[in-house]
Every structure is written in structure tokens, then in C-alpha cells.
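Q: From first to last, the protein sequence lines are chains A and B.
Quick note on my numbering: the first sequence kicks off at 1 and runs consecutively.
Quick note on my numbering: the second sequence kicks off at 1001 and runs consecutively.
All C-beta atoms, glycine included, are put in the ideal place defined by N, C-alpha and C.
On a predicted model such as this, the values are computed, not experimentally measured, just so you know.
2 protein chains.
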Amino acid sequence: MSYILVTGGAGYIGSHTVVELVNNGYNVVVVDNLVNSSYDVIVRIEVLTRKQIPFFKIDLNDHDALDQVFKLYPIQAVLHFAALKAVGESTKFPLNYYSNNVGGAISLLKVMEENNVKNIVFSSSATVYGDATRFENMIPIPEHCPTGPTNPYGETKITIENIIRDVYANDKSWKCAILRYFNPIGAHPSGLIGEDPLGIPNNLLPFLAQVAIGRREKLSVFGSDYNSKDGTPIRDYIHVIDLAKGHIAALNYLFNHKDNGLCREWNLGTGNGSTVFEVFNAFCEAVGKKLPFEVVGRRDGDVLNLTANPKRANTELKWKAQLSINDACKDLWNWTTKNPFGFQINNYSWTKFDSESLTNYDRLNTVRTFNGKFEVSISNHGATIVAAKLNGIKLNLGFDNLKGYLREDNPFFGATIGRVANRISKGDLLINGTHYQVGLNELHRTSLHGGTYGYNKRTFLGPIVKTNEKEKETTMEFVLIDLDGTEGYPGDVETKVIYTVRDTGVGGELGIEYEAKLLEESGRDSTAVSLTNHSYWNIGNQPSIEGTHIKLVSNKHLESNPLDSTPTGKIVTSTDLDSQNSAKLGPDGPVFDYCFVTKQQDKLDTRNDELRVVATATHPKTRIAFTTLTTEPAFQFYTGDGVDVAGVFTKRSGFCLEASRYIYNPKWFIPLNKGEVYGSYTIYRFENF
Amino acid sequence: MSYILVTGGAGYIGSHTVVELVNNGYNVVVVDNLVNSSYDVIVRIEVLTRKQIPFFKIDLNDHDALDQVFKLYPIQAVLHFAALKAVGESTKFPLNYYSNNVGGAISLLKVMEENNVKNIVFSSSATVYGDATRFENMIPIPEHCPTGPTNPYGETKITIENIIRDVYANDKSWKCAILRYFNPIGAHPSGLIGEDPLGIPNNLLPFLAQVAIGRREKLSVFGSDYNSKDGTPIRDYIHVIDLAKGHIAALNYLFNHKDNGLCREWNLGTGNGSTVFEVFNAFCEAVGKKLPFEVVGRRDGDVLNLTANPKRANTELKWKAQLSINDACKDLWNWTTKNPFGFQINNYSWTKFDSESLTNYDRLNTVRTFNGKFEVSISNHGATIVAAKLNGIKLNLGFDNLKGYLREDNPFFGATIGRVANRISKGDLLINGTHYQVGLNELHRTSLHGGTYGYNKRTFLGPIVKTNEKEKETTMEFVLIDLDGTEGYPGDVETKVIYTVRDTGVGGELGIEYEAKLLEESGRDSTAVSLTNHSYWNIGNQPSIEGTHIKLVSNKHLESNPLDSTPTGKIVTSTDLDSQNSAKLGPDGPVFDYCFVTKQQDKLDTRNDELRVVATATHPKTRIAFTTLTTEPAFQFYTGDGVDVAGVFTKRSGFCLEASRYIYNPKWFIPLNKGEVYGSYTIYRFENF
């Protein structure tokens, strides 16, 4: 197993190329100093590609840190994107540009040489040509056009090109592809990744997008007196997806070039020039309205025409841009509407949750409501609710770090439970007439909460964090790909857990949406899914749940087989609730561990059902009211009498309200078939009364 | 007080420029990573200029260390020499060149910018022009000749030029002089500094010098079929002193250019081309013999003619090369014969002696004899003999570090004693009829050993270390400039202390030569000088001198005034010596503290006198024989009965044999007059019997 190292993999072009690399079967390691990008990009790439991407926050000038990455992963080739890239800024802070771009490249090349990694694809730029109109017959620009950058940014690019050529000249075993980009535009069609410039965008389309979404007043067109059909300058705009694919083509070219090294430049452009007005009109069409603009004076250093001659790449790399400016505008607008402020989410933050890991796969993701009263922290490990707080009061049981959750005596604190929640007698799962033996983890008698390696033990991808100011809510979407055969369950299942942290004015609430489907590529036609969350709540701000008043919507629950706690198939009436379906929890009783049912189980996806209050709990000491609402037909109410986390938590430290399906029993069971969707929605609401 | 920071100040051109800077009244700080140079260069510059030069061993890529220097010294301008400079090597290790040269320059410029230092003189190279013969009419090469280097070394130089131009373009308050050197040759006429290439020299004259001195067999002439008068290529050779002066001219130009910034390139060349054979012949003439050579094939990348057009520097900088190729050859040969192996002395090493100082002014300099038996360590502080060892046995009293020597109770251990050794009654010094009051430091009654701030407390410059394989000796020359008025003594006196560590076959010896003169610029006609060394010897490898047999050449000593231990003017006979002038030293006696006289005091410079054995000491336990030889007319023999260094040394831990003049008394005193030289020579020899 070998890896492609992508520097600047969290940047605009880098991120799109990482997606293409993964789609083409390459393993990728990303390093990025994140000065101009966000780790959220990596998270989104992981969700998009359903793959974990090893990531290291490293500045390329840090030789030793970079070397460490080469020691950890067998690197086969480097795609070197990392660079500062704003032309205007480069004239103001040239030394930052030289230090970051040239210094970084030198350091990278040294580490590569020291580790005997000699394949590199370098992100150069059409800027190296400078004003190609200074020559006769150099539009469209071929690779042999003499270079002559007119700003420090372009100088850094040509300098790095020269360094790479000198490295190759000395050691002909290097394989170096120098890719000169023209004007990349557009975004990933998924709307998950795209360009996210900090500050005022320098480029036409990102600026236009901000005008369209209402962040900028109007577009300034720098000169309409050029010698083009409409007076505005001509550029070669290339969809970032096409550009990303150009890197795959270049990389494959290097790998297929087996006999000796090479060092060669390729233009990546479409070969077709478009004027500013043409692009402006295409984007207005994508948005569906005419956007405001103003023609102002020419900008220093702008020239009439910078169109690529891409023939060398077309023929040698067998690569050609496929997408149109209209495609790019559509994708950009999709990205912009879905992420009006790019990756920036103010009320979201994360820290590493697995402090012993070199990677960031397991993080603790925290979102606070807009009113600042309610805060929830979710770990990637088990998509677990690690902490929920109302006005600073902790509402649930949990540990501070991953180690706690790995304890043998951890009673599923806060975890997502799946693939099938609760117990399956003898692990005998019957789906559409076929018996499956699923993992037994209770004295080889029952399968509990998905078995030994249930969802509570898995590392979820994500979260994709989005915020909706109008609804005063922020969502964190986690994804798990649960492969066929794991713990005996059939079929590849994609499970999404979408947490919504919502401001309710007087308090806050946490919505949990589950969605699961059998993946197309899965070899199975049906499977079983039943999901819930196993949080232990304690609203008394004290060690015990004692004093909590509880009121349930129903006093009917499934009858348990006393041998293994699985349902007998009968529904019985609780004897521990009063006539109002209420109870006051004492130090030792009443003891609840029953699956209460509120309605018939008749749907695979309950999300369109009424969202009903199924339980309320209050505590006189803290005056916190805790309401559980769900679309689900049942909920397990458990007073935590079996909790025994040595030295930390004892019995009745917290209670569970696990909105869910009926506990598995063939008579109630609804399978998940190919093409169907499993879904549910539950809210835990916390307010002071 | 402001400073010029010189990067690469220990290198060939840098070191010569530092000398010129100091000669022109500038204060200099040097940083150098010493990868291709030696700290000895700095020591020699200090001796040459009689100034301490703050030096920091820093790699320019170490931003924080460099920043620290800017915080410590108010830097006015930077002369940036530091670079790797071998064209051939640069094609083999291009990344080292980019990292060191380009990376280093970027880091330096960033630190300058951060510290608001915006004056720079940059060492560029004629190499940036590449092959100027590719154009019509570009020989001699003017500054407007298009650049186009043909190797990574030249690429690094043009890249740094571009970076500097970009920095200036953004901030017009910078003043940047870009100096393009042609072919520097020659050495400082003092023979103290010169070019010292490691490995095989790349350049014509250093190679030739090594042929002349016998380190290389013959010169290879790369092609004699060029279109020149003798068929060899033409270059513009410039004496390194002229080149150094060009930097002073450029610096002054920057400082005089007051109204705004500037960034400009200047060629530093003579304007006259010389062929390889012309230079070869000039050097043969300097050496006085025909040197062997062989014509071989042309070298890749060599071109016919690289001669400067230096008119811009001539007119704008008002600088013009003055010295000829013959001057350069003479100076190079002088440097080569005086330093056949450059700065490389294998049996010499140094460590910092003042561990708390940021500078290296006070070092501990250690030389070992060729036979490895005898080793001496001298500190710059007091040019003090800190340690002498025979076969690992310590022979003297001393401390491990500077702190010990600064103790109040340090009885002048190992120190150089001056300006006048021993006691002057009432500090009343009579020189040619004039009374001088010199520093009283013994209960305001006598001046002892030069006063409170005697030579033992001064930091000496040097050592200049040279080795003579034939004589099996290595010399360390220290210099002190003792200014008029210090401790009341009249006149600026230059004092040299030259230690020679010599292999005697069965053991080793330490020669001490003293030389002093009144400096020309001194306002005085005469002064007093009397120098000695105050080592305490102990050859018994035990805490006390007990058991040492001592035999003196004379039993006559000066009579002491019991009131203040100054001489009465009478010479008396010792009562503590036997008929052989011998004594065996016991735990408490005999007690000696007398100035024994061996001959009349009749000369200011005794160095041409007979070198006589004046004392021998042996110890039966170690079987070490210690012989003192001197040209001096007297010696103080002291059994150390006053030693009391709390917790470290007690009385009779060591004895002194201070070869010297008679203790000061007007009737014996010989003044040092202008134009005269004070001198003496003493040897301490240690051998096993």
C-alpha cells in the first residue's frame, strides 16, 4: 500500500484533486498549514469519498515534521499544491510569498530527496508567462512561450519550476510534472467543497458569488475598453473538476513513464477564451437573475488575452477539459447557496478526542446554540453524545476522553446504537425468510446493541456542519459505512446520524435524525436496521437521579422474557407508574428497564410521522424540564440500575430514554430492502421552568 | 552606536570586507554558519583590526536566532555575503544551494523587515549573466545585459536579486545595492586572511597556490583553443581588497542617498580581461618558479570572455579597482606560504571559556604536541595558562571556567602579568624623570602586578595559531592593546604573548615570548613594561608541593623591604638553599618568595640573549622533571605560602617560577621608549626522567 502526498490538500484545487485521487483508487495523505483553508474541507472530503484521509497540519518549512510524515507513510508521489496565491497580496507581502511558496517547496523537495521520493506534480500557473501578448503569435499560449512573470506570486512559481528543473538536471531519475493552470472556476457538484476565499475575493467568480448571495454589493469590471468582442479581457476558465482530473492524468503519465525520469511542463486550460461579460452572464443565468455590476478602470498588470494552448496535455496526457462555463457556474451557485459563508461556522469548534492518535479521525465536535444557553459535544467515536449542557449544567453521563469510552464497563454512554438496537435472542435474526447469526456478546446468549463491534465502537466520518440562521439551528451530519458481514449483518449499509442543535428561546434542544440505506453496490437485497441513542440523562446536577419526576405518554411496554430480557411478543401494562403515567425516581426504585410502546410499528421511515412528546422529566432542584419527542413507535426507559463504572458512576446515576423501534421480534420486524430508506427523528429538549 | 551586520563574514570576501569596514570606522557584527569557513578567520580579523568582533554562529534559515541578533545590536545595514558558491557542486546538490542561498536570503530579508532594517548590500555574481557572448556587443558586460544563469548557483543569485527587487517594488523605503562580482583573487597583504577552499579548489588561483605549495601535482588548463590571444578564456580578475572596498563605496552610497530608497545593480570588476595563461604566468613570477600545468579539454559551461564593464560603479559609487593581478599573486603567495593549509590546524581546538557570554571573546584555546604527550590550554582572559598536562597529569593550578579566575582570592593563577610585574612601592613609577602614580591595589601601599585591572584581567585578542611541522611546534599568538592611562600607565602599548607548544620527543615544552612596543599613535615618548607569567606549578600529582626537589642557577636575590616587600636595592644571598643551590620542599618550608637574579639587567629586549636553565624541579613520585629556561635576568621563586582559595587550594599547592626583570626600582629600571621593543623568552619544559 502506497500513498500520494498532497500538500495544500485542504485548498481549493487541492481538495478537488484529493477527491479525484480517492475516486481513482489512490491512497492519499494530506499536509496543509491551514493558513488559508479549513480542516472542515478534509472532513467533507472524507464524507464525500467515504474514506478516512490522514491529515497533518504542517508548514512545509518545518523540515522535521514533514520528514515524519514520509517516515509514517510510504509515499509514492507528491502533488504539491500548497502555496499562497493572491497576486495582489504578493505585491504587498513579497517575502511572505517567497518564504511560504519558494521556501516551502525547497523544504519539500529536500525531504523528498532524503526519503528517495522522486515523483512530483507541481502546481504552477499561467502567471509564469506574464503578458504573453508581448510576443507575436503566442495566443493561445504554448508551453514554449518565454516566461516572465509580472508579480511576486508569479515569480515564486517560476522560481520553483526552475528549482525542480535543476533538481532533475542533476538526477535524471526524478519524474516531475509541472502543470500550469489557467483560471480554475466552479465547485464540486455535491456542493460539499468549493472555493472559500478569506476576505475580499480576488477572482471574478468568487466575487460574483458573494454578490449573488448578498455578501457584496456589486461586481467591479476592471476595464471594458480592451480589444475583445465586448471590451472585457479574455481568460481561459477551466472547471476545477477538469483541472483535478488533469492531475490524475499527469500522475498516471509519470507512473507509466517507466524507463527513465522526466521533467516537463503542461498547460491545463480549455483552449477557449471567455470574456468577463460572458462569464458574468453565464453566472447570472445560473443564479436566475441579473446581478449588479459597474465598469471601473483597468487594473495594473491585467492584459487582454490569456488563453491556453492545451494541445500538449491533450495529446501527451490524454486529458481534455470536458465541462463548460455553464457547468462551473451551476456548481458554484449550488456550493454558494449550500454554504453561503463557505466553511466558516462560528458556533462550531472541535478538539482532538483521541489524544494518542496522530490523526484527527476522532474529534470532539461542539456546537452551541445561538442564545449560548445550550451546548452539545459529539465524538466521531460512536457519533456519541459526550456532553450536553444547559446554562453550564451537565445533563448527561460521559467521559472526558476516548479512553473512558473504551472501558469494558462503559454502559454505552451517549452512543449511537446499531446496526440493531437492544437484544436479539440467540443472535438469530430472520430477514425475509433467511436466518442470520449476528454477534453474541452477552454470555453467548443474546446479541446486545449490535454486538461486540457495534456502532458505538465505530469511528464515524464527518460531521458536515451547517448552520441555518433563520431556524436558529446548526446541524452536524455524521456518516458510517457499515460493511456487509460485520457482526454477521448482511449488506453494506450507509448510516447517517444528523444532530441538530437548536435554540428554543428559553433553552435548547438536540434533534437526532437517523437515515440508513442499503448501498447500491451491496450484494444483498435486504437487511435489518434499528437505531437509537443510548444517552444517560441526569437533570438534577447531583450524582443520583433521585428526585426526578418522570411522566410517560404510555404505560404499555413489551413483556420481557426473564431468561434473556428479549420480548415475549406480548404487550403489558406497567405497574410502576401512577394513574398519570408518572413516577418519582427514588434512590433505589422504582426500577424501569422496559420498551414502552406508543403506537403500532408500521413504517421503515417514521420521519414524516407526528413528532410527539413521549416523556417529560423535571427536577425541582435545578428546575430543568427535559422533554423527549419522537416520530418513533417505542422507547426504552431505563433507570440505569445496572450502571457500575468503577470509581466514576454507580447505579441510578442517569436514566435513558431511547426512542426506537420495538425490540427485535420477528412478528414486529420491518426489514430494510434495497431502494428503501430507514429513518427516524427524535428531539431531546432542555429548558428551565 | 550602530552596527553593520555582515552575513558570511568568516568567508573569503566577507572577511576582507569586515576588515575594510572596521578600517572605515564601522562597527560590525558577523553571523556565519561556518559550514565552509572557520571561526579562526574572525580571530584573525580581530588581531588585524585590533577590535573585538561580535560573532554569532547562526544559519540564516534559523529565523529566531537571527532575530535575536537584531534585538541585541542596533543594525543599520546588512552586507549579505553568506552563500554556498561552488558552481560545480551546485549542479550536484541543487537543493542545498536553494535551501542555503535562497532560503537563507528570504529568512534574512524577513527578519530585516520585521526589525525595520531596510539597507542591504547583496553579494550577487557575474554568473547571473550566464554566457554574455550569446548577445552582440555585450562584452565588456554592462549591468543591462539580460541575465540567464546556466547553473543552480547562478540561479540562486538571480532569484535572490529578484526577491530583493520585489521587496523594493513593494516598499520604496528600502535601499538595496546588488553587487555583481567578477573573479575575486588575492589575499590580505598581512597574510593573516585569505581564501581557504575546502577540498579541491574550483578556481584557478587557489588551485595554482596549492600546486605551488606542493599540495597538488599540476594545474589543469581547461581548453587552449578559445579565440583569445593565447587560446585560453578571458576573465576579469579583481583583487579581493578592491572588491571589499567596493562594498564600502556601495554602503556609503546607500547612506548618502537620503531622500528615498533605491534598488540598483553594480558590476564590481576591473574592466580588464586576462587569460588563464596570463594569470598563470603572473603567479609563477610571484612564486619565483615555473609551475607544472597540462592543457585538457574544455569544461562544460565555460565561455570565452567574461569581462565587466565597471563604469556604473566607477562613476556612481566613485570606486575603481586599484590593484593589479601581480599584486594579487604576490598577496596570495604570501598568504599561502604563511598558511599552507589555510586555517586548518589539526592539533588546535577551542571551547567557550565564558559560558555566560553571548560572544566568543573569551575562549579556552588548547594545543597538543605532535607526540600527544603534552597539552596546554590558554584562555583569552589574561592570556592565562589554564591547564598544562603531561601524559594526562595536570601540572599547574587553575580553574575550569572564567568564574574561578574572577574570584577575589585568585592569586593570579597562570595569568600574564603586566603592564609592570611585581610591586611598585607607593605606586610611584619614575620614567625618564617623570613620576607616574599607578594603581594601588595592596592596602593603598603598593601597586602589585599592574594594579586592580592588570593584564590578568584583560581579554586578549587572538590567538593566531600556526603550526610548524618541521620544528614540531604550534604557536598561539595573543595581542593586547593596553591604552594610555589605564591603571595610570602612560602610552598605548601593544603587547604580544606568543605561546609555543613544542614536542621535545620525551615530553613537551611551553615557550612564552613577550613583545611590547609603544604604538606610533600613542601620545607618549616612553613608558614602563615588565611582563611575566604567574603560573603555579605542581609536578607531584598531589595537593601539596611537598617532596619537590628544586635547584636554582643562582642563590642571589633582591633584598625585600619588610614593610611592603619592594626591593631595597641590595642583592643578598639566600639562606634557604644548600651548597648546590638546591632545596627539598616540605609541607611548611622552606618558604621562598624572592626575586633571584642571574645576571645584570642591561637590555630592554633579552630575546637574543642566551636561553639558560635557571631552575629545575623534580618529583620522585611522578618522575617529572620541570626545567625553566629564560633569556631574562631574574626570576621570582615563590612557594605559594599565601595561597588560600577557599574550598579549592591552600598554601603550598603550587610554586611559581616567574622569569622576569628585576622588581621595579629606579636604579635598575630600563624604560620602553618610542621605536624600541621590549622582549623576552622563557621556556617551561616537562619531561619524565
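Apply the 10 Å Cβ neighbour rule to B:MET1112 and answer buried if 16 or more other Cβ atoms are within range, or exposed otherwise.
A: The residue you call residue 1112 of chain B lines up with position 112 of the second sequence. When all chains shown are included, B:MET1112 counts as buried.
Q: Under 7 Å between beta-carbons, which chain A residues line up against B:GLU1155? List them in chain order, please.
A: Position 155 of the second sequence, counting from 1, holds the residue named residue 1155 of chain B. Result: ASN162, ASP166.
Q: By DSSP, does A:GLU265 sit in helix, in strand, or in coil?
A: Along the first sequence, one-based indexing puts residue 265 of chain A at 265. Three-state DSSP puts A:GLU265 in a strand.
Q: Going by the DSSP bridge assignment, what does A:CYS656 pair with across the sheet?
A: Within the first sequence, the letter at position 656 stands for residue 656 of chain A. The partner list for A:CYS656 (beta bridge, DSSP) reads A:TYR638.
Q: Could you work out which residue in A:VAL501, A:LEU179, A:PRO567 is closest to A:ASN468 when comparing CA atoms only?
A: Residue numbering aside, residue 468 of chain A sits at position 468 when the first sequence is read from its first letter. Here the closest residue by C-alpha is A:VAL501.
Q: Should B:THR1337 be labelled buried (16 or more other beta-carbon atoms within 10 Å of its own) or exposed?
A: What you label residue 1337 of chain B is simply residue 337 of the second sequence in a count that begins at 1. The residue in question, B:THR1337, is exposed, as its Cβ has fewer than 16 Cβ neighbours within 10 Å.
Q: What residues in the segment 377 to 390 of chain A have a beta carbon less than 9 Å from any beta carbon of chain B?
A: Taking 9 Å as the Cβ-Cβ cut-off against chain B, none of the residues of the segment 377 to 390 of chain A qualify.
Q: Within 8 Å (strictly less), CB to CB, does A:THR159 reach chain B?
A: Residue numbering aside, residue 159 of chain A sits at position 159 when the first sequence is read from its first letter. Judged by the 8 Å Cβ criterion, A:THR159 is in contact with chain B.
Q: Using a beta-carbon distance below 8 Å, is B:GLU1113 in contact with chain A?
A: Here residue 1113 of chain B refers to the residue found at position 113 when the second sequence is read from its first residue. Yes, because at least one Cβ of chain A sits closer than 8 Å to the Cβ of B:GLU1113.
Q: Can you list the residues of chain A that B:ILE1106 reaches, using a CB-CB cut of under 9 Å?
A: For the purposes of this step, residue 1106 of chain B is identified with residue 106 of the second sequence, where counting begins at 1. Those are LEU95, TYR98, SER99, VAL102, GLY103, listed as they occur along chain A.
Q: Within 8 Å (strictly less), CB to CB, does B:PRO1152 reach chain A?
A: Along the second sequence, read from residue 1 onward, the residue named residue 1152 of chain B stands at position 152. Yes, B:PRO1152 counts as interfacial toward chain A.
Q: Starting from B:CYS1176, follow its DSSP beta bridges and name the residues at the other end.
A: Residue numbering aside, residue 1176 of chain B sits at position 176 when the second sequence is read from its first letter. B:ILE1120, B:CYS1263, per the DSSP bridge assignment.
Q: Could you pull the start and end residues of the alpha helix (DSSP H) that B:GLU1020 belongs to?
A: The residue you call residue 1020 of chain B lines up with position 20 of the second sequence. Unbroken alpha helix (DSSP H) run through B:GLU1020: 1012 to 1023.
Q: Closest to B:VAL1028 by C-alpha separation, out of B:TYR1003, B:GLY1382, B:ASN1401, would be which residue?
A: The residue labelled residue 1028 of chain B in the question sits at position 28 within the second sequence. Selected option, being the one with the closest Cα: B:TYR1003.
Q: Compute the beta-carbon to beta-carbon distance between B:ALA1313 and B:PRO1140, rounded to the nearest angstrom, for a pair I have assumed lies under 8 Å.
A: In the second sequence, residue 1313 of chain B corresponds to position 313, counting from 1. In the second sequence, residue 1140 of chain B corresponds to position 140, counting from 1. The Cβ separation is near 12 Å, so there is no contact.
Q: Within the continuous alpha helix (DSSP H) that includes A:THR337, where are the two ends?
A: Within the first sequence, numbered from 1, the residue matching residue 337 of chain A stands at position 337. Looking at the DSSP string, the run of the alpha helix (DSSP H) that includes A:THR337 is 325 to 338.
Q: Any beta carbon from chain B within less than 8 Å of A:THR133's own beta carbon?
A: For this step, residue 133 of chain A is matched to residue 133 along the first sequence. Chain B contact via Cβ: absent.
Q: To which residues of the same chain is A:THR568 closer than 6 Å at the C-beta, ignoring the five residues directly before and after it?
A: Looking up residue 568 of chain A in the first sequence gives position 568. Cβ within range, chain order: GLU559, ASN561.
Q: Output the boundary residues of the alpha helix (DSSP H) element that contains B:VAL1043.
A: Walking along the second sequence from the start, residue 1043 of chain B turns up at place 43. 1039 to 1049 is the extent of the alpha helix (DSSP H) around B:VAL1043.
Q: Kindly indicate if chain B contains any beta-carbon less than 8 Å away from that of A:ALA169.
A: Here residue 169 of chain A refers to the residue found at position 169 when the first sequence is read from its first residue. Cβ-Cβ to chain B under 8 Å: yes for A:ALA169.
Q: When the cut-off is 8 Å and only beta carbons count, does A:LYS110 lie next to chain B?
A: Position 110 of the first sequence, counted from the start, is the residue given in the question as residue 110 of chain A. At least one chain B Cβ lies under 8 Å of A:LYS110.
Q: Per DSSP, what are the beta-bridge partners of A:LEU448 in this structure?
A: Residue numbering aside, residue 448 of chain A sits at position 448 when the first sequence is read from its first letter. According to DSSP, A:LEU448 bridges with A:ARG423.
Q: Specify the secondary structure class of A:GLU74 as computed by DSSP and reduced to three states.
A: Within the first sequence, residue 74 of chain A is the residue found at index 74, counting from 1. Note that residue 74 of chain A is Pro in the sequence shown, not Glu. Residue state, collapsed to three classes: coil.
Q: Strictly by DSSP, which residues pair up with B:ARG1298?
A: Locating residue 1298 of chain B in the second sequence gives position 298, where the first residue counts as 1. Answer by DSSP bridge pairing: none, since B:ARG1298 is not bridged.
Q: DSSP puts A:ASN396 in a beta bridge; with which residues?
A: As a first step, residue 396 of chain A is located in the first sequence; it is residue number 396 there, counting from the start. Its beta-bridge partners are A:TRP537.
Q: Please tell me whether A:THR91 has its Cβ less than 8 Å away from any Cβ of chain B.
A: Residue numbering aside, residue 91 of chain A sits at position 91 when the first sequence is read from its first letter. So, interface residue.
Q: What number of angstroms, rounded off, separates the C-alpha of A:ILE248 from the C-alpha of A:VAL613?
A: Mapped onto the first sequence, residue 248 of chain A falls at position 248. Mapped onto the first sequence, residue 613 of chain A falls at position 613. Each residue's Cα considered, the two are about 53 Å apart.
Q: Would you mind reading off the limits of the beta strand (DSSP E) that contains B:ASP1062?
A: The count along the second sequence starts at 1 and reaches residue 1062 of chain B at position 62. Taken as a continuous stretch (DSSP letters only), B:ASP1062 belongs to no beta strand (DSSP E), as it is neither H nor E.
Q: So the beta strand (DSSP E) A:ASN27 belongs to, where does it begin and stop?
A: Taking the first residue of the first sequence as 1, we reach residue 27 of chain A at position 27. Looking at the DSSP string, the run of the beta strand (DSSP E) that includes A:ASN27 is 27 to 32.
Q: Start and end of the alpha helix (DSSP H) containing A:LYS110?
A: In the first sequence, the residue the question calls residue 110 of chain A occupies position 110. It spans 104 to 114 - the alpha helix (DSSP H) in which A:LYS110 sits, taken as one unbroken run.
Q: To the nearest angstrom, report how far apart A:SER425 and A:HIS239 are at their CA atoms.
A: As a working mapping, residue 425 of chain A is identified with position 425 in the first sequence. As a working mapping, residue 239 of chain A is identified with position 239 in the first sequence. Rounded to whole angstroms, A:SER425 to A:HIS239 spans 55 Å at the Cα level.
Q: For the structure I just gave you, are there three or more beta carbon pairs, one from the segment 254 to 267 of chain A and one from the segment 188 to 201 of chain A, closer than 8 Å?
A: Cβ pair count under 8 Å is below three, so no.
Q: Out of A:HIS534, A:SER653, A:PHE649, A:LEU268, point me to the one whose CA is closest to A:THR315's CA.
A: Counting from 1 along the first sequence, the entry for residue 315 of chain A is found at position 315. Nearest option by C-alpha distance: A:LEU268.
Q: Which same chain residues end up closer than 6 Å to A:PRO411 when comparing Cβ atoms and leaving out the 5 residues on each side of it in sequence?
A: As a first step, residue 411 of chain A is located in the first sequence; it is residue number 411 there, counting from the start. Counting only Cβ-Cβ distances below 6 Å, and skipping sequence neighbours, we find VAL643.
Q: At what residues does the beta strand (DSSP E) containing A:ALA615 begin and finish?
A: Counting from 1 along the first sequence, the entry for residue 615 of chain A is found at position 615. Per DSSP, A:ALA615 belongs to the beta strand (DSSP E) from 612 to 619.
Q: Along the chain, where does the alpha helix (DSSP H) containing A:SER522 start, and where does it finish?
A: Here residue 522 of chain A refers to the residue found at position 522 of the first sequence. Note, A:SER522: premise wrong, no alpha helix (DSSP H); not H, not E.
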